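Residue numbers for the sequence shown follow this note's numbering, beginning at 8 and rising by one.
Worksheet: the structure to be examined is printed underneath.
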Amino acid sequence: MLVVDPSAGVTEAALRARLGAKWTKYGADVLPAWVADMDFTLPEAVRRAVAWSAEHSALGYDRPEDQTDLFRAASQWIARRHGWEPDPASFAVLADLVQGMLVAIHGFSDPGDGVIVQGPIYPPFLTGIEVLGRRVVDNRLIDASGAGAIDLDGLRRLAADPRTKLMLLCNPHNPSGRVLRRDELEGIAAIAEACDLTVVSDEVWMDVVYPGHRHIPFATLGTQVAARTITLTSATKSFNLGGVRCAVAIFGSPSLRARFDALPARFRGGPNVLGIRATVAAWREGGVWFDAVMRQLDANRQTLAAFVRDRLPRVRYRTPEGTYLAWLDFEALGLDRTAAAYLLEHARVALNDGADFGRAGHCARLNFATTPAILSEICERIARAVGR
Ligand SMILES: Cc1ncc(COP(=O)(O)O)c(C=O)c1O
């Protein structure tokens with residue numbers, strides 16, 4: 008059997024030398040656990056695909072409208088992993104997911120309209136809605152660092168407003184790590200149906216789901232549900248390809264597609280040929296690598312849960328069901344500034360500031376997709392600053 012160790016050779020010096028945002032934004036004495044990049048080495052197939060493009064001088068323009076290989080690779084990966092084989096003809100290629108989200112907000116709502124999110128939420132959802140002149144309608148999770156439940160009563164009330172036509176769903180949910188159960192998704196779908204909402208379902212975290220939980224693509228709940236759903240996903244979270252700029256949209260009906268396509272093609276950005284090739288290689292040949300990464304992530308998840316329980320007893324934390332993000336609630340410590348700002352100064356670790364996720368400065372998001380050695384050092388530093 009092929010043995011894959013995604014942490015092999017990954018040292019702090021090697022990570023700093025990669026020049027990515029994660030390891031260069033803060034000083035050399037800071038350990039970063041913020042942006043959702045993993046510290047692991049890339050799958051061999053991805054490295055070969057990128058090297059092939061350079062060796063063959065194959066970096067010319069691509070044809071965004073003709074991405075049969077990409078759409079087939081996407082559909083087959085989703086079929087193998089999630090039991091859903093969307094028709095490759097229902098796909099469109101995007102430069103990135105957030106751009107797809109912005110295009111959908113622009114195309115499926117009007118200025119001044121409400122757009123529903125489940126806060127606290129990945130910050131570009133909030134900034135995207137605001138910058139396009141729409142209103143954030145926050146159907147907040149019930150106790151994001153505890154139960155993390157969907158507030159269906161709240162959703163019913165908010166969705167009843169005729170000026171609210173669109174919902175941005177994020178499942179698995181960033182930052183809570185919730186993987187929504189079928190009954191929760193059906194509850195959301197029933198309200199979307201009753202209130203005629205279009206749903207943009209961000210499923211970029213679809214694969215990063217731990218044992219005992221299962222990702223259910225929203226569009227698989229039924230043909231009526233699919234007909235109001237645009238699913239957005241990519242290989243970026245599962246395969247550590249955040250910088251390559253390639254994502255896909257899957258349209259649940261021709262009319263959704265027609266409305267999306269009515270916008271100028273350039274408005275939704277041009278994907279990158281390297282990104283397309285890397286993504287195809289990942290989805291076609293990356294399964295063994297990904298399974299090895301999941302084993303490491305799950306071990307890290309357990310390490311972190313034990314650490315918070317034993318060393319940070321006043322921090323509230325719900326072990327994530329999916330994602331490699333930990334949503335830590337420091338409210339009981341009564342810190343004099345946001346938790347992330349406090350930890351940056353006193354622990355020299357860089358976490359994402361909960362304030363950016365909407366009214367949650369007492370929380371901080373920790374990315375645990377790193378080597379056991381680095382994770383352990385991050386934990387020790389936090390314990391020295393605020394624990395025991
Ligand atoms: C929920 C969610 N959506 C989208 C993205 C980013 O996607 P992209 O880089 O393709 O815009 C992320 C990245 O972490 C994310 O967590």
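Even glycine gets a Cβ: it sits at the ideal position worked out from N, Cα and C.
These numbers were taken from a predicted model, which means no experiment stands behind them.
Cβ shell of residue i (< 6 Å), same chain only, five flanking positions each side left out
i	result
L342	Y349
T227	W91
L248	A242 and A285
A354	R388, I389 and A392
D103	R252 and A254
A99	A256
P93	S82 and I257
I283	L77 and C253
G161	N146
D69	V280
P327	G184
R163	I198
G155	L148, S183, R185 and R325
Spatially closest choice to residue i from the options, by CA coordinates
i	options	result
Y369	A354, E384 and F337	According to the sequence as given, residue 369 is His; it is not Tyr. The shortest C-alpha separation from H369 is found at F337.
V393	P320, A285 and S383	P320
I112	E62, R325 and V206	V206
D150	E137, R221 and R185	R185
A15	R388, I385, T378 and V322	T378
R221	F98, L192 and T238	L192
L382	F364, R366 and F314	F314
D46	G294, C386 and N374	N374
S260	R163, E328 and A233	A233
V295	K29, A52 and P278	A52
V11	A346, P127 and R302	R302
F364	G250, C177, L101 and W59	C177
L173	G155, A196, Q309 and A156	A196
V138	D117, G250, D158 and N307	D117
G250	E19, R25 and A269	R25
L351	A362, L38 and Q309	L38
CB-CB length for residue i against residue j, believed under 8 Å
i	j	result
A483	V255	Since the displayed the chain opens at 8 and closes at 395, residue 483 lies outside it and no answer follows.
D214	F297	7 Å
V17	L281	So it is not a contact: roughly 22 Å between Cβ atoms.
G153	R325	6 Å
Q462	G276	The requested residue 462 does not occur in the structure, where the chain is confined to residues 8 to 395.
F246	P50	6 Å
Y217	D305	6 Å
K29	D44	5 Å
A367	P127	4 Å
R4	L358	The requested residue 4 is not part of the displayed model; the chain covers only 8 to 395.
L335	V322	5 Å
P71	P271	Wrong, their Cβ atoms sit about 12 Å apart, outside the cutoff.
F225	V110	With 8 Å as the limit, F225 and V110 do not qualify as a contact, their Cβ atoms being about 18 Å apart.
Inter-residue Cα distance where the pair is residue i and residue j
i	j	result
D317	A390	10 Å
T48	L165	44 Å
V6	L332	There is no way to answer for residue 6, as the model of the chain reaches only from 8 to 395.
F115	A265	11 Å
P13	R54	13 Å
R235	G194	15 Å
A201	V300	41 Å
I237	R395	46 Å
L204	L175	10 Å
E292	R88	13 Å
L187	P179	7 Å
I385	A376	12 Å
L22	A347	22 Å
Cut-off 8 Å between Cβ atoms - residues of its own chain near residue i, not counting five sequence neighbours on either side
i	result
V144	G121, V122, I123, V124, L165, D168 and T171
G119	G140, R141, R142 and R170
R108	A quick correction: the sequence has Met, not Arg, at residue 108. Around M108: P131, F132, G135, L175, V207, D209 and L239.
S97	I257, F258, G259 and R264
S60	L66, V280, L281 and R284
Residues of its chain near residue i, where Cβ-Cβ distance is below 7 Å and the 5 sequence neighbours each way are ignored
i	result
N181	Y129, W212, T330 and L332
R189	I223
D36	R355
W84	W290
Q231	E200
K244	A43, V211, W212 and V215
G34	none
L101	G107, A254, V255, A256, R275, G276 and P278
Proximity test, Cβ basis, 8 Å: residue i and chain C
i	result
E51	No chain C appears in this structure, which consists of one protein chain only.
Contact test: residue i Cβ vs ligand 3 heavy atom, cutoff 7 Å
i	result
T377	As far as ligands go, the structure on display features ligand 1 and does not contain ligand 3.
- Item | Ranges of the alpha helix (DSSP H) found wholly within the stretch 302–356, counting only runs of at least 4 | 346–354
- Task: Within the stretch 191–222, note down every full beta strand (DSSP E) run reaching 3 residues or more, in order along the chain.
- Result: 205–209
- Task: Kindly provide the ranges of any beta strand (DSSP E) runs that are 3 or more residues long and lie completely inside the stretch 115–147, ordered along the chain.
- Result: 121–124 and 142–145
- Message: Could you tell me which whole alpha helix (DSSP H) segments of length 4 or greater appear in the stretch 150–195?
- Response: 159–166
- Task: List in chain order: all unbroken alpha helix (DSSP H) runs of 4+ residues lying wholly within the stretch 244–297.
- Result: 261–268 and 280–292
- Item | Length-filtered (4 minimum) alpha helix (DSSP H) runs lying within the stretch 50–83 | 51–62
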